[in-house]
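S.K.: Residue numbers (our numbering), protein chains in the order written: chain A, 1 to 341; chain B, 342 to 598.
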């Protein structure tokens, strides 16, 4: 177990370094390290290197670090959502969060609202849209203080359709074409908008969520035995599910606000990791964020280099890689998703 | 150590329908009490209140003189363990992991189990004859094996009262008999629902018969299991004869021509 975590951490560090150096202007790892060191310690950079340095430090580094955070966050939230709704096919967006975020982002783009937020206005719109959907899903599926897993999923799916319709309406009546590209960005996802400014908030949200979720590890295991059994084992399913709902909503909202709805990572990564280290959440939640981070770094690198100078939406890459992985898992003997084969 | 359970005037309404009405029963220390009755008579609902999955609408439940509703879930989980009708697990935990979750009410957070607790798990698995399955995934087990794993998990909880909802479901005959004789000899207070009246008569010290949410008979198997009761409550024509060796009443059915 410790070996897996350490190897993944090393793999992540190497991936980050390689990804920062790769792109239209390739920079060897040694030089990349030197630039990063200079940036952190305030060292001197010669005049002819200033362009390369700026690409590395101002453009690629925040982007790759955002990939790390989003990959880790989506994987962790995937594990948490699957536990919360007790459904192995759930992903972070099953509760309609992504369509709410898209609608919010499009609304801000079209109306020019939240102008006080400057370059973060659209992200803020997406975050508020995500929270609005979560709040609606919560209110609608609440029953006698408890959140029933199936009701949650059904309400989420219904809300997703509703907010997609709202988004289509806004786009349909919008005067310019900008809203269409906003929709495309928010529904396929992308890390092109990464800035140093957004990183601290995302780092804190992701780190806190992962730590909290991991501390709930044994309770999540108990929850997977069934709601009745959980109560008999002293785990209050109502409180736990409510807490998970708030946590996953905030984390998913934050992820979507900075990167759009990047699909498949949150669905596939929990399964890949369970296959690897077993089902216990303490182990899964130690490994999944790291594995998710590594794969997101590589997915983003592919997105921006495969058809360079153009850039593919990262959701295309995660789906093109994720679907075969998922299908292979489904067909694999001995891996049971939550039913008997 | 064993507990003394008293259920006093328990009523439960679900969605405006009264499912259990003024149910009172007691399980003395080390006593095995069977709850029997036709489908929909409120047996499971009553048990759910005892293992805290449901809040009663009226009435009280006392464990060793302590009001259950005043205890935290975690505290009551250290006294009462349950085998519910749930199938087992959503995820493919190993047998060992599921059994170890029985310690959840006793350990803090993700704290690893100590040597005594691991030994406790081993003994429980041995007792339920699932030790050889320890490393296997629970989802690949048969229904009966999974059921035995879940009983082992309940034993690991070190409860003073065991509540079991249809524990013999999916078990083969040998394991049905083994389980019930284990319960009888466990020294724990046991509250159990059973559909097999012959097993109930053999295993239980006391039977409580429910019909439409109300207690219609209560007493030793000899007092309760009569041909008249089978006809009136279960709508079954059957003969009741004493067991040739033990003398407990046994029900013989005739499917008719």
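Idealized CB from N, CA, C, for every residue including glycine.
Excluding five sequence neighbours on each side, which residues of the same chain lie with their C-beta closer than 7 Å to the C-beta of residue 394 (chain B)?
M.R.: Hits under 7 Å: none found.
S.K.: Using a Cβ-Cβ distance cut-off of 8 Å, determine whether residue 208 (chain A) contacts chain B.
M.R.: No, its Cβ sits nowhere closer than 8 Å to a Cβ of chain B.
S.K.: Listing by chain order, which chain A residues have their CB less than 7 Å from the CB of residue 575 (chain B)?
M.R.: Correct list: empty, because the minimum Cβ distance to chain A is about 26 Å.
S.K.: If we require 4 or more residues per run, which alpha helix (DSSP H) segments fall completely within the stretch 178 to 244 of chain A?
M.R.: Qualifying alpha helix (DSSP H) stretches, in chain order: 178 to 188, 199 to 215, 217 to 223, 227 to 232.
S.K.: Please compile the residues from chain B whose C-beta is within a distance smaller than 9 Å of the C-beta of residue 217 (chain A).
M.R.: What residue 217 (chain A) touches in chain B: 450, 451.
S.K.: Three-state secondary structure (DSSP) at residue 61 (chain A)?
M.R.: Three-state DSSP puts residue 61 (chain A) in a helix.
S.K.: To the nearest angstrom, how far is it from the Cα of residue 332 (chain A) to the Cα of residue 55 (chain A)?
M.R.: So the alpha carbons of these two residues sit roughly 43 Å apart.
S.K.: At the 8 Å Cβ level, is residue 458 (chain B) part of the contact set with chain A, yes or no?
M.R.: Not an interface residue.
S.K.: How far does the alpha helix (DSSP H) with residue 102 (chain A) in it extend, from its first residue to its last?
M.R.: From DSSP, the alpha helix (DSSP H) with residue 102 (chain A) extends over 97 to 111.
S.K.: Are the stretch 94 to 106 of chain A and the stretch 148 to 167 of chain A touching by the rule of at least three beta carbon pairs closer than 8 Å?
M.R.: Taking 8 Å as the limit for Cβ pairs, the verdict is that the stretch 148 to 167 of chain A does touch the stretch 94 to 106 of chain A.
S.K.: Return the first residue and the last residue of the alpha helix (DSSP H) that residue 481 (chain B) is part of.
M.R.: Residue 481 (chain B) -> no alpha helix (DSSP H), and no H or E assigned at all.
S.K.: Return yes when the Cβ of residue 377 (chain B) is within less than 8 Å of the Cβ of residue 548 (chain B), no when it is not.
M.R.: Cβ atoms of residue 548 (chain B) and residue 377 (chain B): closer than 8 Å.
S.K.: DSSP three-state call for residue 94 (chain A): helix, strand or coil?
M.R.: Residue 94 (chain A): coil per DSSP, three-state reduction.
S.K.: State yes or no: is the C-beta of residue 556 (chain B) within less than 8 Å of the C-beta of residue 346 (chain B)?
M.R.: Cβ atoms of residue 556 (chain B) and residue 346 (chain B): not closer than 8 Å.
S.K.: Would you identify the three-state DSSP class for residue 339 (chain A), choosing helix, strand or coil?
M.R.: Unreliable placement is indicated for residue 339 (chain A), whose pLDDT of 49 sits below 50; no coordinate value is reported for it.
S.K.: Classify residue 173 (chain A): buried if its beta carbon has 16 or more other beta carbons within 10 angstroms, exposed otherwise.
M.R.: By the 10 Å Cβ count, residue 173 (chain A) comes out exposed.
S.K.: Starting from the beta carbon of residue 422 (chain B), find every residue of chain A whose beta carbon is closer than 9 Å, and list them in chain order.
M.R.: Within chain A, the residues near residue 422 (chain B) are 232, 233.
S.K.: Measure the C-alpha to C-alpha separation of residue 388 (chain B) and residue 127 (chain A) and round it to an integer number of angstroms.
M.R.: Distance between the alpha carbons of residue 388 (chain B) and residue 127 (chain A) is about 44 Å.
S.K.: Ignore the nearest five residues each way along the sequence and tell me which others in residue 472 (chain B)'s own chain have a CB closer than 8 Å to its CB.
M.R.: 463, 466.
S.K.: For chain A, check one thing: does any of its Cβ atoms lie closer than 8 Å to the Cβ of residue 445 (chain B)?
M.R.: Answer yes: the Cβ-Cβ gap between residue 445 (chain B) and chain A drops below 8 Å somewhere.
S.K.: Is there contact between the stretch 231 to 243 of chain A and the stretch 402 to 420 of chain B, where contact requires at least three CB pairs shorter than 8 Å?
M.R.: Touching, yes, given that three or more Cβ pairs across the two stretches are closer than 8 Å.
S.K.: Output the distance between the C-alpha atoms of residue 131 (chain A) and residue 247 (chain A), rounded to the nearest integer angstrom.
M.R.: Rounded to the nearest angstrom, the two C-alpha atoms are 11 Å apart.
S.K.: Closest Cβ-Cβ distance between residue 431 (chain B) and chain A: below 8 Å?
M.R.: For residue 431 (chain B), the answer is yes, since a Cβ of chain A falls inside 8 Å of its Cβ.
S.K.: Whole-angstrom Cβ separation of residue 281 (chain A) and residue 217 (chain A), contact assumed at under 8 Å?
M.R.: So it is a contact: roughly 4 Å between Cβ atoms.
S.K.: Taking just the CA atoms, how far does residue 499 (chain B) sit from residue 586 (chain B)?
M.R.: Approximately 34 Å between the Cα atoms of the pair.
S.K.: Go to residue 5 (chain A), then tell me how far its beta strand (DSSP E) extends in each direction, as first and last residue.
M.R.: Element bounds for residue 5 (chain A): not the beta strand (DSSP E) but the alpha helix (DSSP H), 2 to 21.
S.K.: So residue 129 (chain A) packs on residue 105 (chain A), CB below 8 Å; how close in whole Å?
M.R.: The pair is a contact, with the Cβ atoms about 7 Å apart (cut-off 8 Å).
S.K.: Rounded to the nearest angstrom, what separates residue 454 (chain B) and residue 445 (chain B) at their Cα positions?
M.R.: Distance between the alpha carbons of residue 454 (chain B) and residue 445 (chain B): 10 Å.
S.K.: Mind listing the chain A neighbours of residue 389 (chain B)? Cutoff is C-beta to C-beta under 8 Å, in chain order.
M.R.: In chain order: 228.
S.K.: When you compare the CB of residue 507 (chain B) with every CB in chain E, is at least one pair closer than 8 Å?
M.R.: No chain E appears in this structure, whose protein chains are A and B.
S.K.: Applying a beta-carbon distance threshold of less than 8 Å, which residues of chain B neighbour residue 274 (chain A)?
M.R.: Per Cβ cutoff of 8 Å: 432, 433.
S.K.: Going by DSSP, what residues sit across from residue 552 (chain B) in a beta bridge?
M.R.: B:555.
S.K.: In the DSSP assignment, what are the bridge partners of residue 397 (chain B)?
M.R.: Per DSSP, none; premise fails for residue 397 (chain B).
S.K.: Between A:208, A:244, A:317, A:295, which lies nearest to residue 65 (chain A) when the distance is taken from Cα to Cα?
M.R.: Among A:208, A:244, A:317, A:295, the Cα nearest to that of residue 65 (chain A) belongs to A:295.
S.K.: If you follow the alpha helix (DSSP H) that residue 440 (chain B) is in, where does it begin and where does it stop?
M.R.: Where residue 440 (chain B) is concerned, the enclosing alpha helix (DSSP H) stretches over 436 to 441.
S.K.: Contact defined as beta carbons within less than 8 Å: I believe residue 592 (chain B) pairs with residue 538 (chain B). What is the distance between those atoms, to the nearest angstrom?
M.R.: Their Cβ separation, rounded to whole angstroms, is 5 Å, which keeps residue 592 (chain B) and residue 538 (chain B) in contact under 8 Å.
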